[in-house]
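Numbering (my numbering), first residue to last: 279 to 611.
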Amino acid sequence: KLSPLLREKLSKRQVYASFLNRFQLTREKYRQLLPLLPFAIRTLDLYTYKLVISSSHCVAKGVKKHPEAFHLSYIHAPMRYMWDRFDDYFGVGRIHPFFRMIALILRPVLQAWDKRTAQADRIDVLVSNSDFIGEQIQRHYGRSATTIYPFADLSRFHSERKPGNFYLMVTAFAPYKRTDLAIEAFARLGLPLKIVGQGQDEARLHALKKKLKANNIEFVSRPSNEQIERYYSECKAFIFPGTEDFGITPLEAMASGAPVIAYGEGGACETITLETGILFSPQTVDALCEAVMEIESGRLRFDPQTCRNRAAFFNIQRFQSDFLLKLREILIK
């Protein structure tokens, strides 16, 4: 889902889409079209451009360009469906056995394509959105990357903190987000949890809540921006149990003065400090429950202004400055 800020900017630009954009399946079951995505991105011909900037978490970096054009690619993740998170999307029980078999056959082919399109003859400079992703780029592509942290549009979040008695998740219902871990933990604790989101795992997560008889957990589907902003300012703490490439929602929570309870791996380790939240490990129900009880016990107190100050570091002005500095540095060479 596009942020209001990005939606406004794109509305003033000409947007070109591949042939796949004509099909409803692209919006609803796009992961099943994964074998077609490398071909689709190559139909967007940027041959006449001298500078190409791609923003890629899957295939965007493979766009067609002139051999002498300069290409900077901002990598949010290597093709996650084929590398570290293959089992999250194509594991046993995740999809129909036929599609799983196809994915297993295509995995080495798509891995090879992903690695080949990340090499120096295709991309001049790789930029990662976190050190965590920078390490994956080195491991999978054999190349180094400069980290430039993304920004969050934090101006719309409440500066006045009015904490209530509930905990909050704002997430897409994808397997690696580990919403199931939060449901199991809060079913055990009996504490109020609001989960804002939708996605491919929705039916499974609702079934899990029903199975655990967790009436203390509330799913909130398609709330308004104002409602989400109010939840952020009123939650006791924000729950972030998955391994994220970077993670924007913890910044939104901290911008509202709320502390974050996050799994201690991935981008969360680069945004959340001891003064702004808790990093739990291992990624288990017991560890998450223990972290929540640290908040409940009152032993840990977090200053809302300290949380806001931390979130404010990841602002659009810093991002623009860092990105332009990198562009100038490499174009001068």
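Idealized CB from N, CA, C, for every residue including glycine.
Using CA coordinates, which residue listed in the options is at the minimum distance from residue i?
i: Met571; options: Phe558, Pro582, Gln583; result: Phe558
i: Ile383; options: Thr395, Arg372, Phe368, Ile473; result: Phe368
i: Arg577; options: Glu413, Arg508, Ile556; result: Ile556
i: Asp409; options: Glu522, Cys567, Ile610, Tyr454; result: Glu522
i: Thr527; options: Asp431, Cys567, Ser502, Leu490; result: Asp431
i: Met357; options: Pro345, Val330, Leu324, Arg417; result: Arg417
i: Val448; options: Gly475, Ala355, Lys339; result: Gly475
i: Leu329; options: Glu530, His349, Ile380, Arg500; result: His349
i: Tyr325; options: Ala398, Lys342, Gln397; result: Lys342
i: Asp392; options: Pro313, Asn494, Asp458; result: Pro313
i: Pro560; options: Gly542, Glu530, Lys440; result: Gly542
i: Cys628; options: Met532, Phe524, Gln310; result: Absent from the model: residue 628. The displayed extent of the chain is 279 to 611, so no value can be given.
i: Tyr419; options: Trp361, Ser599, Asn493, Gly544; result: Trp361
i: Ile594; options: Ser334, Ser433, Ala569, Phe364; result: Ser433
i: Gly545; options: Arg291, His354, Tyr510, Ala465; result: His354
i: Leu605; options: Val403, Asp323, Gln397, Arg320; result: Val403
i: Arg400; options: Arg421, Asp458, Phe591, Glu548; result: Arg421
i: Asp323; options: Glu413, Arg596, Pro345, Glu496; result: Pro345
i: Asn493; options: Glu504, Ser511, Leu469; result: Leu469
i: Lys488; options: Ile461, Ser511, Phe435; result: Ile461
i: Tyr359; options: Tyr327, Gln397, Gln310; result: Gln310
i: Leu490; options: Phe591, Glu504, Ala465, Arg363; result: Ala465
i: Ala590; options: Arg300, Glu496, Ile550; result: Ile550
i: Glu496; options: Ser511, Pro441, Thr457, Glu286; result: Thr457
Please list the terminal residues of the continuous beta strand (DSSP E) segment that includes residue i.
i: Phe516; result: 516-518
i: Ile550; result: Where Ile550 is concerned, there is no enclosing beta strand (DSSP E), given that its DSSP letter is neither H nor E.
i: Val474; result: 471-476
i: Ala540; result: 538-541
i: Ser220; result: The requested residue 220 does not occur in the structure, where the chain is confined to residues 279 to 611.
i: Thr449; result: 445-450
i: Ile353; result: 348-353
i: Val330; result: 329-334
i: Glu496; result: 495-498
When you compare only the Cα positions, how much space is there between residue i and residue j?
i: Phe317; j: Leu602; result: 31 Å
i: Val405; j: Ala347; result: 17 Å
i: Ser437; j: Gly535; result: 7 Å
i: Ala296; j: Gln583; result: Note that residue 296 is Ser in the sequence shown, not Ala. Taking the straight line from one Cα to the other gives about 45 Å.
i: Asp626; j: Tyr352; result: Outside the shown range of the chain, which is 279 to 611, sits residue 626, and nothing can be said about it.
i: Val538; j: Ile517; result: 6 Å
i: Ile473; j: Val387; result: 37 Å
i: Lys339; j: Leu486; result: 37 Å
i: Glu507; j: Tyr445; result: 14 Å
i: Thr554; j: Arg320; result: 43 Å
i: Ser599; j: Tyr294; result: 27 Å
i: Ile608; j: Arg291; result: 26 Å
i: Arg385; j: Arg439; result: 47 Å
i: Ser334; j: Arg588; result: 26 Å
i: Pro519; j: Leu459; result: 7 Å
i: Leu566; j: Leu529; result: 20 Å
How is the alpha helix (DSSP H) around residue i delimited, first residue to last?
i: His484; result: 480-489
i: Phe464; result: 457-467
i: Asn503; result: 503-512
i: Pro560; result: Counting along the chain, Pro560 falls outside any alpha helix (DSSP H), and DSSP gives it neither H nor E.
i: Phe317; result: 315-320
i: Leu311; result: Looking at the DSSP string, Leu311 is not in any alpha helix (DSSP H), and its letter there is neither H nor E.
i: Gln292; result: From DSSP, Gln292 is part of no alpha helix (DSSP H); its letter is neither H nor E.
i: Arg588; result: 582-590
Count the CB pairs spanning the region 422-429 and the region 358-376 that are closer than 8 Å, and state whether there are at least three.
-> With a cut-off of 8 Å, the region 358-376 and the region 422-429 do not count as touching, because too few Cβ pairs lie within range.
Mind listing, in chain order, the continuous beta strand (DSSP E) runs of no fewer than 3 residues lying wholly within the region 356-409?
-> 403-406
Say whether the region 482-493 touches the region 448-464, bearing in mind that this needs 3 or more beta-carbon pairs closer than 8 Å, one atom from each stretch.
-> Yes: at least three Cβ pairs fall under 8 Å.
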